[in-house]
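Data first, discussion second: the structure below is written as structure tokens.
Numbering (the numbering used here), first residue to last: 69 to 195.
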């Protein structure tokens with residue numbers, strides 16, 4: 069019988085374009101149900117002098133593909149709070165989504181959206 073214990077994964081989403089957003093996504097994975105729950109934090113419009121930060125949470129599903137090097141695909145949805153540093157102080161709540169396709173080492177490609185901002189990224193596991 070395979071071990072189906074809950075486990076944690078921390079992923080870094082690095083932008084493909086210079087000056088785009090980035091995030092770190094911490095996931096709790098339940099392999100017996102395929103469900104994932106996560107917490108995200110990052111920047112949108114990175115590269116600006118005062119780039120907004122966001123924190124978010126979401127849930128979704130992880131699926132095994134059995135297709136070549138892309139062995140896992142996942143998507144989660146939830147909400148995020150975007151905060152502006154001085155001089156433009158303030159925050160707002162918006163939609164948050166993330167999706168990715170990775171290999172057995174949790175490396176691959178993905179994207180995330182915070183409100184109307186969507187960023188294509190390289191995805192990798194971090195310690």
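Note that beta-carbon positions come from the ideal geometry of N, C-alpha and C, so glycine has one too.
When you compare only the Cα positions, how much space is there between residue i and residue j?
i	j	result
residue 176	residue 117	29 Å
residue 137	residue 173	10 Å
residue 150	residue 127	19 Å
residue 119	residue 189	18 Å
residue 184	residue 72	37 Å
residue 193	residue 162	26 Å
residue 98	residue 82	25 Å
residue 88	residue 187	7 Å
residue 108	residue 76	13 Å
residue 259	residue 122	The structure shown does not extend to residue 259, since the chain spans only 69 to 195, so no value can be given for it.
residue 69	residue 100	Model confidence at residue 69 stands at a pLDDT of 41, short of 50, so the residue's coordinates are unreliable and nothing is read from them.
residue 78	residue 155	32 Å
residue 152	residue 110	12 Å
residue 131	residue 159	34 Å
Just to check my reading of the structure: residue i and residue j have Cβ atoms closer than 8 Å, yes? What is that Cβ distance to the nearest angstrom?
i	j	result
residue 95	residue 106	4 Å
Specify the secondary structure class of residue i as computed by DSSP and reduced to three states.
i	result
residue 144	strand
residue 133	strand
residue 173	coil
residue 156	coil
residue 76	strand
residue 183	coil
residue 69	Below a pLDDT of 50, predicted positions are generally treated as unreliable, and residue 69, at 41, falls in that range; the measurement from the model is reported next regardless. Residue 69 falls in the coil class under three-state DSSP.
According to the Cβ coordinates, are residue i and residue j closer than 8 Å?
i	j	result
residue 129	residue 104	yes
residue 167	residue 143	yes
Ordered list of beta strand (DSSP E) runs contained in the region 84–128, each at least 3 residues: Entirely contained in the region 84–128, the beta strand (DSSP E) runs reaching 3 residues are, in chain order, 90–98 and 103–111.
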